[in-house]
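Have a look at the structure below, then the notes.
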Amino acid sequence: MTNSKTNVTELTEVTIRFAGDSGDGMQLTGTQFSDNTAIFGNDLATFPDYPSEIRAPAGSLAGVSSFQIQFSKLDIHTPGDDLNVLVAMNPAALKVHLGDVKDNGTVIINEANFTKKNLNLAGYDCNPLETDLLKNFQTVKVDMTKLVGTATEDLKLAPKLIARSANMFALGLVYWLYGRKIDNTVDFIQKKFAKKPEIVEANLRALKAGYNYGNTLELVKTTYHIPKAKFEPGCYRNMMGNQALAYGFMTAAEKSGLELFYGGYPITPASDVLHYLSGYKNMGVKTFQAEDEIAGVVSAIGAAYAGDLAITATSGPGVALKSEAIGLAVMAELPLVIINVQRGGPSTGLPTKTEQSDLYQAVWGRNGEAPCVVISASTPADCFYTAIEAARIALKFMIPVILLSDGYIANGSEPWRIPDVDSLPEFENHKTSDPDGYEPFDHSSEFLARPWATPGTPGLEHRIGGLEKWDGAGHVSYDPENHDHMLRLRQKKVDIIAEEIPDEVPYGEASGNLLIISWGGTMGSVRSAVEHIHLENKKVSHVHLRHLNPFPKNLGDIIKRFDKVLVPELNLGQLATMLRAKYLVPTIQMNINHGKPLKTSDVLNKINEILGE
Amino acid sequence: MTNSKTNVTELTEVTIRFAGDSGDGMQLTGTQFSDNTAIFGNDLATFPDYPSEIRAPAGSLAGVSSFQIQFSKLDIHTPGDDLNVLVAMNPAALKVHLGDVKDNGTVIINEANFTKKNLNLAGYDCNPLETDLLKNFQTVKVDMTKLVGTATEDLKLAPKLIARSANMFALGLVYWLYGRKIDNTVDFIQKKFAKKPEIVEANLRALKAGYNYGNTLELVKTTYHIPKAKFEPGCYRNMMGNQALAYGFMTAAEKSGLELFYGGYPITPASDVLHYLSGYKNMGVKTFQAEDEIAGVVSAIGAAYAGDLAITATSGPGVALKSEAIGLAVMAELPLVIINVQRGGPSTGLPTKTEQSDLYQAVWGRNGEAPCVVISASTPADCFYTAIEAARIALKFMIPVILLSDGYIANGSEPWRIPDVDSLPEFENHKTSDPDGYEPFDHSSEFLARPWATPGTPGLEHRIGGLEKWDGAGHVSYDPENHDHMLRLRQKKVDIIAEEIPDEVPYGEASGNLLIISWGGTMGSVRSAVEHIHLENKKVSHVHLRHLNPFPKNLGDIIKRFDKVLVPELNLGQLATMLRAKYLVPTIQMNINHGKPLKTSDVLNKINEILGE
Amino acid sequence: MTETITQPIKMTRKDFVSDQEVRWCPGCGDYAILAQVQKVMPELGVAKENFLIVSGIGCSSRFPYYMDTYGFHSIHGRAPALASGAKIANPELSVWVVTGDGDAMSIGGNHLIHTLRRNIDMNILMFNNRIYGLTKGQYSPTSELGKVTKSSPMGSLDYPFNPPALALGAGGTFIARAIDRDQKHSMEMIKRAHGHKGTSFIEYYQNCLIFNDGTFSDLTDKTTKDESVLKLEHGKPMVFGVKNSKGLRLVGSQFEVIELNGAFNIDDVFVHNENDKNLAMILSELTYVDHLPTPVGIFYVKDEPTYEDMVHSQIQEAVSNKGRGSLEQLFKSSNTWTVE
Amino acid sequence: MTETITQPIKMTRKDFVSDQEVRWCPGCGDYAILAQVQKVMPELGVAKENFLIVSGIGCSSRFPYYMDTYGFHSIHGRAPALASGAKIANPELSVWVVTGDGDAMSIGGNHLIHTLRRNIDMNILMFNNRIYGLTKGQYSPTSELGKVTKSSPMGSLDYPFNPPALALGAGGTFIARAIDRDQKHSMEMIKRAHGHKGTSFIEYYQNCLIFNDGTFSDLTDKTTKDESVLKLEHGKPMVFGVKNSKGLRLVGSQFEVIELNGAFNIDDVFVHNENDKNLAMILSELTYVDHLPTPVGIFYVKDEPTYEDMVHSQIQEAVSNKGRGSLEQLFKSSNTWTVE
Ligand SMILES: Cc1ncc(C[n+]2csc(CCOP(=O)(O)OP(=O)(O)O)c2C)c(N)n1
Ligand SMILES: Cc1ncc(C[n+]2csc(CCOP(=O)(O)OP(=O)(O)O)c2C)c(N)n1
Ligand code: SF4
Ligand code: SF4
Ligand SMILES: [Mg+2]
Ligand SMILES: [Mg+2]
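Residue numbers (our numbering), protein chains in the order written: chain X, 2 to 614; chain H, 2 to 614; chain U, 48 to 387; chain Z, 48 to 387.
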């Protein structure tokens, strides 16, 4: 399909960012590109980045919305650091993102929006298209809006609709640049706007116009080919982090034979968990949009007592509000999952940006000795398995589990190999209906889980609550020895989980000069950096923790086998503090708090700095 | 006054516990005894212990109320471990407390209440006064109720009133036993019940009857004399912990020229701070009993913004609820003191019992990187100075401060040397009214404190809030570098306080075999144990921390000079975790969670165990 | 979705008495209410294991410990939210909330009003002693202005809530008032609350002997109660006073007392209609009016679908429209591609 | 204790415009309200530095950034509590709360009702767009039943709050309703709210163009508004409709529409009395009734001492009874003894 005069260069991987005004449809454009790329067969990872404001003024810096994707013929772990291609639909988008484009990278610009007003709004004194600001880049300037107008002339569309379709022009152009077919997107447009034929037509013409523009005008000398990646055989789809959480919990509910109850209050970036779940009423999911976070978690505690698989999702400020009630769940020894999709703090902080700064809160943020299990997800698709693991632990150990995700993986996406439903494990739980010898706080089972007698079960009537309880019978007790015993017992309930989770196996050699320990959404960047450094035969290994409380039981042994330990985090050193306290190991910290995912190159630089010392 | 046939033995120190039913007036009896003892001139410390239930059934174990006092001719630090004297007004009191009496100690019993019903309620199968349960003790059995009845025969009192006056009989008896005068208590009774002459008379007669009973009946062979302690010259009074907090903050307000605002919601054991403060309207104190803990702290934040010295007090569950708002105060950089009078956790836990388990919460219990200053009080009177220190730091550094007290010191009392008002330091604050170059988040002052421009000041209009702010101008900023900078700046605001607080000086030698590091209400027990061990010339030193975040800057150096570090705490090792994380020092933990103050003897045993290893 | 009757054996009060020692102050009004509930429950035709009693924190909130049913003594103020979760999870349960004026109206006010508006089927018994009992006597949101307590030595400065008015304002569908000392009437109220499908709210006047003794003595003392209590009965004229010698009539938007011996007779008296919300609101305003009697009984009832029934019908509807979802389907619900 | 006027120079709207770029969606109703407030404030006779605007979190809660006054953009739901503290601390301030239907009535419901009952002098402007704007479109506690949103794809199941009814039930002393599009009337409401000493609550209907466009179009569209809006005016008969051709009359406890052209005339129409709480409650019930008009204007006003004034009078009283306390006195306020 490619014009004969254009060369095709094969590349391993490419990073593209679509950027424009919030009204320019960049999220949709990006999602289309990534769906298409996935279906083509590349490995990929995406990172959408919204403005915090609802519709900040059109053309303003605050209103810029972007969507980044890295795709590759190899296994990749992040949406990429620097950009091969930037699509900038207006001056503000150029201003915000140009700094991330690689030297000699491609910058595709919709000239139509480089009006005086927009230049002003973006803070450009003079038009960058007329200066040599772009001289180090391959710049493709197109008046997309005008060309869409021409392509749709006969339809007599409203100028607004024409302007809004420019994103499809850009998408078509990029499809052409990477030798992709447009069929999927054509399908999508037809379905999505089925009820509005005018919009379908406008979008399709724009898409094709963009594609053909590249094809016919010898816009650039080379197009690129990124061969398919080698995937494990199977059926794949794209998966976003919050969606994967919802899927994971629905799976856990089915596999445990329980009904799923979600109680929660909307908050960015966790709200989508509620949105997804509320769409699956036909799977029996009960969603309760509560009046606040407290009612969210407390209703879930009520549902857990009543026998459902109960979860709540929020972000850091919401966890703060829930912390008293989480203590109640600890005391009541009920299965419960609290999801924290972390965002930039403290306080309201940077609500739409990513961060990993709620680990302290998860582990230590309650009154009294109130140990909870804490686990974390590391990629969008991993959210699915982390959700299942959280539910499994909560049910098996009769204990509240805090699941940490973050804004980056919540909204990011990657291909997900759809598991065989039957291969997913069934779940144990401790429901009981046998009054014989029943005691509500009987801890004689292997992992100290108490029996789960739910209201409605004849003969097991009992009372629970937040006051200290007598081990076994479960009645209120002020007995000094019993209190000490129960505090230790609740701590032990967490600690012995370490016996039951798999040992950690470092990526890389079992001993060496440097061990990198990370957790959560930084997984991809760290792993990529370590893969790079392995090419240089350096003795650097990587442990990425899913389990944060308790730690895997062999973590201390692993640490001992390395000269140095580096802990990169998007906070001021929270995991580092935990490791220091537990293993008395000096840690090298790497803390970057830009509200953005960690960059592979930053990790690489840090590794080199340490090894060079 | 003492009967000639009775010997008088001189003792260094004595521990007495008054115990009876909640309705028996044990708190009043104990308070009277300690006031009297204080005025006599002994050093003393007290520990009241209430039942958690409002009026648990009369005679039940749950309804036992007690008041313990240790008094001495020497400097003492605790209300004592084991008892020289137990006054048991009923079988339940005997049952609960007998185990704490020393061998050969004195047990004074009101026989009148050893009825079948009461014995049953206490779970005694047979009357202990008729078995040899008490054979190792000097037992004084008196039918106090009957004797009070006889002494008041002519008054024709209601039997209920007679029974209620038995406590004064017991008090009289104990006064006699320790050669004390009854005048103070006579005064007190006359004032307290001035409006009820019948009660005055009943109580006075009971008091005297008790005193004379001892005097005339040669009840015991010996009475005791505990000589006056050597106090620093000055004017003294008794002081309770929560009272001292109230006094401290009123002092801080006067000394800083600010008005005091208290916003809070009642919770045991913190409510008394509100009760005390609400009684001082004539000192301009504004108390706001809010609808919940959140409104309590948030109203205080509003008052702080408006220019008051603003405080809130609660206990652990309340801090949990406040934690989101404390993050706001961190972000807004406002002066604010959050008092946590700790109680047994987790959740509702043991609400009337003492514990030190909210340290993690204070230091780490918020979303995002939200560092607060954390300090703690160590004795009832020390609460006064800790309150002043909290206010001083909050105002000087424009920062929220968490002040940790606990149920033990909150309700305990000790003599307090009344300071010379003029000698108490004046306070700085950062109020400003100068629009010239004013920026709301100007951090150019020495200790990074921002200016405090309060509403009502012309020309300084500005907006603050919980979103990340641009350093200096203070407007909302999503700038990545600025965010990282501000996170570190807020952390630094806490860290540099270490430069400004005094270096720690260990009690004992500067180096040695064992360093004990403690904090909060365990101060007395640890210090007593160390004093004991010094008598054996052992190289044990003690650091008792007031400042927990930041630590005093020389703490790391001190630690290095000892072979071992012991950290005794009423939790599962929270300070130990902090020390391990910060100094990478192995700690020996001593964790006892009985809902009671630490015992000197337990510390002593632990020291000997460590030294003997 | 109705409570199933699985237990044909006749139960008695004893079946609802737990093995825990009751720990309220001797003479506390809570004892009377406990007895009333224990007497009514066996008669409701609900299997014992289907009762769930949820409470917050306070003297009143110790209630579940004394009932031999499922019980949850939760945290301060949160009982309605916990009960909501339990009821949505298992609509077969007969859910009861026992709470205090502080628990329900101070820290828990938000959950209370939201539960009322959602009309989740549960029975909320709010023991209103107009004081914080458990924390030893601070004024509560229902304490009268000027109340001298530990935290208000010069008198409290908060205007009190009027519980039925608040509950009506929040959209409650069953609002009633009972008095601890009037056993027969209270038991009637409990039964009616149970019978109402939706959130039932009973403001239960309860005497706190220790910290607020006698607040309701006007309404309970033999000598005064006839004059001060107006018993609301559906379809009956609003009469009160010794030998029902007085009545209320509505003039414009205001109630007036009329004496039924001369100029006025029973036909001039306004007839109570428990389904008239406007009337209920006007009646609720009598709570603090000195010269008018205090209404007890049912202010308002309205039948409306409950929240949890709607949740479950949506689920049924979704299943019948789309079929019961499977994981297989779920996983493949978007574009997929296959790698061989 | 009244707001002092220290600034004789005449201020204009511009004096209240901050240097921050306004960041609401183009066409959002918030712009109109901002303009109205900026126009009214210079006329209130309050020195600019004495204005304090407190908000929670939500689109609406960004309001303080755009006002060149003291401002506090606090946390979700807590604005009334923060404003209470500030007002008690400094009663000279003119305190305003700007909040949304989610901020004020969902997470913040408890602070709202408690502030209303305490009657702390502040003006609460609740921008009711019946949706969560900032979090991109979930239903709110004022959304109508059955609303399809991101979190309720099959329709919401919560019955909505009726804000004036809730505020009245909570004991509010100034309850009004305004509409973003009616500038003149809204400015009048703002002025009246300011004039009221105590907590003023204005439910401000506000159009959210993006997530809930047109919810109030009946009340704002030229063609329908006359028929659907009832403007409450104290002492005036309740007429509405094209050329005021209709009126309301009270029959028993219920309102009825009457046509003023035949059988009925203006004298049959009920006259609004903004000091009649019973009337206000009945009027508030019209909010969701299809065949009756929606009242806007002042439902209810009552003069009552404010909380903060009582706080400060207690302080004055204590000082005049006992004398201004000193630390010296305080320290020696119990038994003391001297060691030489
Ligand atoms: C989070 C939290 N805040 C405060 C408390 C302390 N507290 C327990 S019960 C109570 C009020 C009790 O009053 P009410 O609900 O009227 O119950 P009553 O004791 O009068 O029956 C308070 C303030 C608590 N337990 N938890
Ligand atoms: C503790 C907390 N919970 C949740 C949120 C998320 N949140 C922010 S604003 C909002 C609701 C906004 O709705 P509304 O108050 O009606 O304001 P609007 O945006 O419609 O003006 C929510 C749920 C938050 N910021 N903080
Ligand atoms: S304090 Fe009052 S409410 Fe509580 S148990 Fe005692 S009498 Fe009852
Ligand atoms: S989302 Fe709605 S309320 Fe928010 S700014 Fe946009 S139009 Fe206004
Ligand atoms: Mg109460
Ligand atoms: Mg809204």
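For every residue, glycine included, the Cβ atom is placed at its ideal position computed from N, Cα and C.
Under a Cβ-count criterion, where at least 16 other Cβ atoms within 10 Å of its own Cβ denotes burial, should X:N185 be classed as buried or exposed? Classification for X:N185: buried.
Tell me whether the beta-carbon of H:A304 lies closer than 9 Å to the beta-carbon of Z:G132.
-> Yes; because the gap between Cβ atoms is below 9 Å, this pair is in contact.
Note to self: With a threshold of 8 Å (Cβ to nearest heavy atom), would H:S526 be considered close to ligand 2?
What the structure shows: Incorrect: H:S526 has no Cβ contact closer than 8 Å to ligand 2.
**OP:** Go to Z:R296, then tell me how far its alpha helix (DSSP H) extends in each direction, as first and last residue.
**Re:** For Z:R296, no alpha helix (DSSP H) segment is defined; the enclosing uninterrupted segment is the beta strand (DSSP E) at K293 to V298.
Find the residues of chain H that neighbour Z:P111, judging by a C-beta separation of less than 8 Å, and give them in chain order. Within chain H, the residues near Z:P111 are R464 and G466.
Given that X:I312 touches chain U, what residues does it touch there, using C-beta distances under 7 Å?
-> Against chain U, the beta carbon of X:I312 has no neighbour under 7 Å; the closest one sits roughly 11 Å away.
Query - Other residues of its chain near Z:F208: CB distance less than 6 Å, five sequence neighbours each side excluded - result: M152, P188 and T189, listed in sequence order.
| message | Let's test the definition: count the other Cβ atoms within 10 Å of the Cβ of Z:G309 and tell me whether it reaches 16, buried, or not, exposed. | response | Counting of Cβ neighbours within 10 angstroms places Z:G309 among the exposed residues, the total staying below 16.
* To do: Ignoring anything shorter than 4 residues or poking outside the region 276–350 of chain Z, list the alpha helix (DSSP H) runs there in chain order.
  => Fully enclosed alpha helix (DSSP H) runs of no fewer than 4 residues occupy 324–331 of the region 276–350 of chain Z, in order along the chain.
What is the residue span of the beta strand (DSSP E) that X:K565 lies within? Taken as a continuous stretch (DSSP letters only), the beta strand (DSSP E) holding X:K565 covers F563 to E570.
- Item | Minimum Cβ-Cβ distance from H:R238 to chain Z less than 9 Å | Yes - at least one Cβ of chain Z is within 9 Å of the one on H:R238.
Note to self: Using the three-state DSSP reduction, which class does Z:V101 fall into: helix, strand or coil?
What the structure shows: In the structure shown, Z:V101 sits in a strand (DSSP, three-state: E or B).
By the DSSP assignment, the beta strand (DSSP E) with H:R464 in it spans what residues? It spans R464 to G466 - the beta strand (DSSP E) in which H:R464 sits, taken as one unbroken run.
Quiz item: Roughly how many angstroms lie between the CA atoms of Z:N97 and H:G457, to the nearest whole one?
Solution: Whole-angstrom Cα-Cα distance: 5 Å.
*Report yes or no: is there a C-beta of chain H within less than 9 Å of the C-beta of X:M591?*
Chain H, which has no Cβ nearer than 9 Å to the Cβ of X:M591, makes this no.
Three-state secondary structure (DSSP) of Z:S108: Three-state DSSP puts Z:S108 in a helix.
Q. Bridge partners of H:D50, per DSSP?
A. In the DSSP output, where bridge partners are listed per residue, H:D50 has H:S67.
Handout entry: heavy atom of ligand 1 below 8 Å from U:G219 C-beta
Key = When distances are taken from the beta-carbon of U:G219 to the heavy atoms of ligand 1, even the shortest one reaches 8 Å or more.
- Does any C-beta atom of chain H lie closer than 9 Å to the C-beta of X:H484? Yes - at least one Cβ of chain H is within 9 Å of the one on X:H484.
*Give me the Cα-Cα distance between H:F289 and X:K103, rounded to the nearest whole angstrom.*
Looking at the two C-alpha atoms, the distance is approximately 59 Å.
Could you please give me the residues that DSSP links to Z:V87 through a beta bridge? In the DSSP output, where bridge partners are listed per residue, Z:V87 has none listed.
Fill in: Distance cut-off 8 Å: X:E325 Cβ against heavy atoms of ligand 1
Yes, the beta carbon of X:E325 sits closer than 8 Å to at least one heavy atom of ligand 1.
### Message
Quick check: is the beta carbon of Z:M48 nearer than 9 Å to any beta carbon in chain U?
### Response
Any reading at Z:M48 needs caution, since the residue's pLDDT is 41, under 50, leaving its predicted position unreliable; the model's value is listed next. False, the Cβ-Cβ gap to chain U never drops below 9 Å.
Checklist entry - Is it right to say X:Q191 is buried, meaning 16 or more other beta carbons lie within 10 angstroms of its own, or is it exposed? => result By the Cβ-count criterion, X:Q191 is exposed, with fewer than 16 other Cβ atoms from all chains shown falling within 10 Å of its own Cβ.
**Request:** For ligand 3, enumerate in chain order all residues having a CB closer than 6 Å to any of its heavy atoms.
**Result:** One residue after another in chain order, those with a Cβ under 6 Å from a heavy atom of ligand 3 are H:I55, H:R56, U:W71, U:C72, U:C75, U:D77, U:C106, U:N176, U:G180, U:C255, U:L256, U:I257 and U:F258.
Handout entry: Buried or exposed by the 16-neighbour rule on C-beta atoms within 10 Å, applied to H:M2
Key = Confidence in H:M2 is poor, its pLDDT being 42 and thus under 50, which makes the residue's placement unreliable; the coordinate value appears in the next sentence. The C-beta of H:M2 has fewer than 16 other C-beta atoms within 10 Å across all chains shown, which makes the residue exposed.
task = Rounded to whole angstroms, what's the CA-CA distance from X:E614 to X:A499? Just pull it up for me.
result = For the pair X:E614 and X:A499, the Cα-to-Cα distance works out to about 35 Å.
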